[in-house]
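The block underneath contains the structure these notes are about, expressed in structure tokens.
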Amino acid sequence: MPPSAGLTASDLGLDQASDEPLHVLDLPQLYSKPSAAVLLSILSDLRSEPPSWQATPRSGTPRSQSGASTPARPKRKIKSEGVPGYLTKIISSPLAWIDSDEDREQIWDCAAKRLSERSGRTAMGDISRCFKIPLSAKTLQDDSEEAADTADWIEITLHEPALAADSLGLKTWASSYVLAKRLCLMQDTLPPLTKYTLILELGAGTGLVGLATAAVLQQRVILTDLPAIVPNLQRNIHKNADLLATRQGSASTAVLDWSMPETFTHPGHAGEAHSFSLILAADPVYDAHQPELLVNAIDYHLEHAENARVVIELPLREGFAAERQDLRNRMEVIGLEIREQGEEVGYDDWTDHEGEMAEVRCWWAVWGWKTSALPSSMP
Numbered sequence: 100m101p102p103s104a105g106l107t108a109s110d111l112g113l114d115q116a117s118d119e120p121l122h123v124l125d126l127p128q129l130y131s132k133p134s135a136a137v138l139l140s141i142l143s144d145l146r147s148e149p150p151s152w153q154a155t156p157r158s159g160t161p162r163s164q165s166g167a168s169t170p171a172r173p174k175r176k177i178k179s180e181g182v183p184g185y186l187t188k189i190i191s192s193p194l195a196w197i198d199s200d201e202d203r204e205q206i207w208d209c210a211a212k213r214l215s216e217r218s219g220r221t222a223m224g225d226i227s228r229c230f231k232i233p234l235s236a237k238t239l240q241d242d243s244e245e246a247a248d249t250a251d252w253i254e255i256t257l258h259e260p261a262l263a264a265d266s267l268g269l270k271t272w273a274s275s276y277v278l279a280k281r282l283c284l285m286q287d288t289l290p291p292l293t294k295y296t297l298i299l300e301l302g303a304g305t306g307l308v309g310l311a312t313a314a315v316l317q318q319r320v321i322l323t324d325l326p327a328i329v330p331n332l333q334r335n336i337h338k339n340a341d342l343l344a345t346r347q348g349s350a351s352t353a354v355l356d357w358s359m360p361e362t363f364t365h366p367g368h369a370g371e372a373h374s375f376s377l378i379l380a381a382d383p384v385y386d387a388h389q390p391e392l393l394v395n396a397i398d399y400h401l402e403h404a405e406n407a408r409v410v411i412e413l414p415l416r417e418g419f420a421a422e423r424q425d426l427r428n429r430m431e432v433i434g435l436e437i438r439e440q441g442e443e444v445g446y447d448d449w450t451d452h453e454g455e456m457a458e459v460r461c462w463w464a465v466w467g468w469k470t471s472a473l474p475s476s477m478p
């Protein structure tokens, strides 16, 4: 039997909690012909999924036990230096000492996945992520580990397809998560909501904000986006159907092109103008044309009523100041004004130059109609 064939993760010390990380040379090397079981065990322990975005309100430190992902982490840390090379050797090896074709294929596949995980979110394939959303302000402000396990939270699970440059709407962005968590703080500033209220989300993406709204506010929400995005939205609504039923909320989808807002159709809504008292949008501005298109859709769909509100959250990205100002100017031109606003910090999958999870500063605003823009004030 090859010298490493009977090794387990326990033999290698990977199942022991320790602050001292292992070096890649401590892992079973291919020259020792480790068994398929050993290689698959090591590859499982080398899993590196997107980090949690959950940050404590006071410290701003990401909290691993909750947030945007809940991966199974190795108990024993392994230094990242040399791991890509180790994985590449496995992928390029014929693994001739392993008899099973199925085992070899599984090992190559796992090694390729581990390598892609270390190449950033854009190199990853499909992933499933779990987001913890607070149901009360007290829960949001309590950053203790005990609160994370026992407080009033809900968990929303989302499927994210592989990320590509032409499908950025299929990723969950930082501003969506911080807005979803903010919902429990905003109930006093939102319009009166009844069982007949329909809420509209523009540019829903993976659906986090819309699903959180349906669950936290216990309302009916229509999540809209372009045709290529809607199938994944429907998938995520289905994944969270039990949660929505428990919370007595509901979510559905519709295709909505902001350049033609009147073409919006939905089984429970005819698409008539000015019929939504609450509109939500997270990270809706990512090029110079978006402010005009977004405001065009808002102007068409927002109810002309004193209590009607629009809630928008944007990341304060460098190089997009002109687009953000354009959005504000256009919102004011159609008769809307800011009723409440602020900034907060979230996290995203990308890392800074030191390899740390980068903070994303976001701006949120609640908009309402100016008195002069309401029908009763018009001559």
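Count the sequence shown with our numbering and you get residues 100 to 478, in order.
No residue lacks a Cβ here, since even glycine has one placed at the ideal position from N, Cα and C.
Computed from a predicted structure; not experimentally measured.
Just so you know, the alpha carbons of Trp196 and Leu129 end up roughly 10 Å apart.
When only Cα atoms are considered, Ala261 and Arg228 end up about 13 Å apart. Measuring C-alpha to C-alpha distances from Tyr385 to each of Gly370, Pro414, Leu343 and Val354 identifies Pro414 as the nearest. Classified as exposed, Tyr295 has fewer than 16 neighbouring CB atoms from the shown chains inside 10 Å of its CB. Here the C-alpha atom of Ser274 lies approximately 43 Å from the C-alpha atom of Ser192.
For the pair Pro127 and Arg146, the Cα-to-Cα distance works out to about 16 Å.
Taking the Cα positions, Ile190 is about 16 Å away from Val123. Taking the C-beta atoms as reference points, Thr323 is found nearer than 8 Å to Val354. The stretch 460-470 and the stretch 412-428 touch, with no fewer than 3 CB-CB distances between them shorter than 8 Å.
In its chain, beyond the 5 residues on either side, Glu300, Val308 and Val410 have a beta carbon closer than 6 Å to the beta carbon of Leu379. Under DSSP, the beta-bridge partners assigned to Leu297 are Arg319. Per DSSP, Arg281 is one residue of the alpha helix (DSSP H) stretching across Ala273 to Arg281.
Approximately 18 Å separates the beta-carbon atoms of Arg438 and Thr312; this is outside 8 Å, ruling out the contact. Annotation note: the stretch 378-462 contains the following uninterrupted beta strand (DSSP E) runs of length 3 or greater, listed N- to C-terminal: 408-414 and 435-450. Going by C-alpha positions, Glu391 is about 48 Å away from Leu142.
Shortest Cα-Cα distance from Glu371 to any of Leu297, Leu435 and Arg319 involves Leu297.
Put simply, of Arg203, Ile226 and Thr293 the residue whose alpha carbon is nearest the alpha carbon of Val137 is Arg203. Counting only residues of its own chain and dropping the five nearest sequence neighbours on each side, Trp272 has a CB closer than 6 Å to the CB of Asp382.
Here Ala372 carries a coil assignment [DSSP, helix/strand/coil]. In this structure, Arg408 and Val465 form a Cβ contact; the two beta carbons are roughly 6 Å apart against a cut-off of 8 Å.
DSSP places Arg228 in the strand class (E or B) of the three-state scheme. Contact check between the stretch 343-353 and the stretch 361-368: three or more CB pairs, one atom from each, fall below 8 Å, which counts as touching. Annotated three-state conformation of Trp196 is coil, per DSSP.
For Gly467, the three-state secondary structure derived from DSSP is strand. The beta-bridge partner set that DSSP reports for Thr256 consists of Cys229.
Note that the C-beta distance between Ala387 and Glu422 is below 8 Å. Put simply, of Met359, Ala344, Gly445 and Leu214 the residue whose alpha carbon is nearest the alpha carbon of Val315 is Ala344.
Ile328 sits in coil when the DSSP states are folded into three classes, being neither helix nor strand.
About 35 Å separates the beta carbons of Ile232 and Leu139, which is beyond the 8 Å limit, so they are not a contact pair. According to the DSSP assignment, Val182 belongs to the alpha helix (DSSP H) that extends over Val182 to Ser191.
Cβ atoms of Pro474 and His403 come within 8 Å of each other, at about 6 Å.
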